[in-house]
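At position 178 of the sequence shown (counting the first as 1) the number is 178 in the numbering used here, and the numbers step up by one without a gap.
Beta carbons are placed, not taken as given, at the ideal position from N, Cα and C, and that holds for glycine.
See structure below.
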Amino acid sequence: MIKQRIFQVAAVVAALASPLTHAQETPPLTWQEHWFEHNQLVSRVFLDADIAVYYDNDVDRNITWMNKFAGDVWRYTKKTYGDFGGKPHLHAIFHAYKYGGGHPSTWWDAHHDYRNVIDIGQAGDWHSQAGWNIDVIAHEISHIVELGSKGVHGSPAFGLWGDSKWAEIFNYDVYVNLGMTSVAQSTYNDLITKQDNFPRAGTYWFRDWFYPIYSQYGGNKVLNRYFELLAQHFPKNGNNYSRSMNWGEFVHFWSGASGVDLKPLATNAFGWPAEWEAQYNKAKTDFVFSSAPTATAALTSYKDCDYKGAAANIPAGNHALAQLQSFGVVNDDISSLKLLPGYKAISI
Numbered sequence: 001m002i003k004q005r006i007f008q009v010a011a012v013v014a015a016l017a018s019p020l021t022h023a024q025e026t027p028p029l030t031w032q033e034h035w036f037e038h039n040q041l042v043s044r045v046f047l048d049a050d051i052a053v054y055y056d057n058d059v060d061r062n063i064t065w066m067n068k069f070a071g072d073v074w075r076y077t078k079k080t081y082g083d084f085g086g087k088p089h090l091h092a093i094f095h096a097y098k099y100g101g102g103h104p105s106t107w108w109d110a111h112h113d114y115r116n117v118i119d120i121g122q123a124g125d126w127h128s129q130a131g132w133n134i135d136v137i138a139h140e141i142s143h144i145v146e147l148g149s150k151g152v153h154g155s156p157a158f159g160l161w162g163d164s165k166w167a168e169i170f171n172y173d174v175y176v177n178l179g180m181t182s183v184a185q186s187t188y189n190d191l192i193t194k195q196d197n198f199p200r201a202g203t204y205w206f207r208d209w210f211y212p213i214y215s216q217y218g219g220n221k222v223l224n225r226y227f228e229l230l231a232q233h234f235p236k237n238g239n240n241y242s243r244s245m246n247w248g249e250f251v252h253f254w255s256g257a258s259g260v261d262l263k264p265l266a267t268n269a270f271g272w273p274a275e276w277e278a279q280y281n282k283a284k285t286d287f288v289f290s291s292a293p294t295a296t297a298a299l300t301s302y303k304d305c306d307y308k309g310a311a312a313n314i315p316a317g318n319h320a321l322a323q324l325q326s327f328g329v330v331n332d333d334i335s336s337l338k339l340l341p342g343y344k345a346i347s348i
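Here's what the structure looks like:
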């Protein structure tokens, strides 16, 4: 049912956004839908500092579990991925007996009144706090992350991972960090055997790509680091990403986020056509940030403690901030350093 809204997500990805100038607002008591086939007047049934929940007339008002669950996911999302346009509230709209599936919108988008939104319907009701009912909430919030985080609009990787591959690792991470141990284990069990037909037949996205990255290179930190690098380096037209990324760029950016060269992992997971090799080599020239330390660097900085996370190689010399950033250093985001013998690091 989530996939029934893939065309809506794609429409959001394709839309250009303008800088937000609207004043901060209190989520309204009612909201008239005016997008896609949605035309309901929905009513606000819950409000706190982080989330406004809206129901259409067919949702049982005695159902309240979404207030806490969607709020917890949103609070964790903001804690992990940062601010979303200075707008604290997620607007979560729920429909019963109509609109099978869900879609997101972000603070960049006029078509949903410049609000961070998940809008979800289904053929049944919302009585059960389990299965698809919770998965779709986290899934749609994952799209807000890929479409609207770090002050840039769009998802350059959407054409590669489609509508669910990013959401799968996002959902798993959410369940782990919200302490939903049994749900996280069930999600892992489902995804570890899930096979896809892209970019080639027999691809295991979770098993062979996202889970190894997540489990070996920093958990939610590596997921967030990918979006940081994207916002810092990928081409933009104003506040919008100006194009989609290719496979070589995709592997390069995730290598940067992970702190290791992920070409071997990508080769195992996806194959490695000659075209990707050319793309990958060009990406390393076009987007200069380090994915792994080299023996010739006088100093190697690491995003995380204990020499983990994204690494940047820094040659000997006097370097201003702009030069350090060109080596892949993120300002105020260094937790550990390694120096070759005979060198010392001095902050002036």
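Item: Three CB pairs or more closer than 8 Å across the segment 142-161 and the segment 54-62; Value: no
Item: Of the listed residues Gln216, Leu230, His233 and Gly148, nearest to Thr106 (C-alpha basis); Value: Gly148
Item: Same chain, Cβ closer than 6 Å to Ala283, five either side skipped, listed in chain order; Value: Gly248, Glu249 and His252
Item: Where Asn331 falls, given that 16 or more other Cβ within 10 Å makes a residue buried; Value: exposed
Item: For Gln279: DSSP bridge partner residues; Value: Answer by DSSP bridge pairing: none, since Gln279 is not bridged.
Item: Same chain only: Cβ atoms within 6 Å of Phe210, ignoring 5 sequence neighbours per side; Value: Ile169
Item: Straight-line gap, Val136 to Gly101 (C-alpha atoms, nearest Å); Value: 8 Å
Item: Reduced DSSP secondary structure (H/G/I, E/B, other) of Lys236; Value: strand
Item: Span of the beta strand (DSSP E) around Gly102; Value: Lys98 to Ser105
Item: Three-state secondary structure (DSSP) of Ile334; Value: coil
Item: Sequence-distant residues of its chain with Cβ nearer than 7 Å to Trp349 (five each side left out); Value: The requested residue 349 does not occur in the structure, where the chain is confined to residues 1 to 348.
Item: Boundaries (first-last residue) of the beta strand (DSSP E) holding Asn116; Value: Asn116 to Gln122
Item: Where Ile93 falls, given that 16 or more other Cβ within 10 Å makes a residue buried; Value: buried
Item: Extent of the continuous beta strand (DSSP E) to which Arg44 belongs; Value: Leu41 to Leu47
Item: Those residues which DSSP pairs with Gln32 across a bridge; Value: Leu41
Item: Cβ-based neighbour list, Asn57, same chain, cut-off 6 Å, excluding 5 preceding and 5 following; Value: none
Item: For Phe250, three-class secondary structure by DSSP; Value: helix
Item: Cβ-Cβ distance between Val222 and Tyr76 below 9 Å; Value: no
Item: For His91, the residue or residues it bridges with in DSSP; Value: Ala52 and Val117
Item: Assumed close pair Gln122, Phe69 - CB separation to whole angstroms, cut-off 8 Å; Value: 15 Å between Cβ atoms; not a contact.
Item: Distance CB(His91)-CB(Asn116) smaller than 9 Å; Value: yes
Item: C-beta contact flag for Phe33 and Val42 at 9 Å; Value: Per the sequence shown, the amino acid found at residue 33 is Glu instead of Phe. A contact, by the Cβ cut-off of 9 Å.
Item: Whole-angstrom distance between Val53 and Ala184, CA atom to CA atom; Value: 25 Å
Item: Coarse secondary structure for Leu191, derived from DSSP in three states; Value: helix
Item: 8 Å Cβ shell around Ala345 - same chain, five flanking residues per side excluded; Value: Leu299, Leu337 and Leu339
Item: Distance, Trp65 Cα to Asn133 Cα; Value: 11 Å
Item: Pairwise C-alpha distance: Phe206 and Ser258; Value: 16 Å
Item: According to DSSP, residues forming a beta bridge with Asp196; Value: Thr203
Item: Contact under 9 Å by Cβ, Glu228 with Lys150; Value: yes
Item: beta-carbon Asn39 near the ligand NAP non-hydrogen atom, thresh 8 Å; Value: Ligands displayed in this structure: none; no statement on the ligand NAP is therefore possible.
Item: 9 Å Cβ cutoff met for Asn246 and Thr80; Value: no
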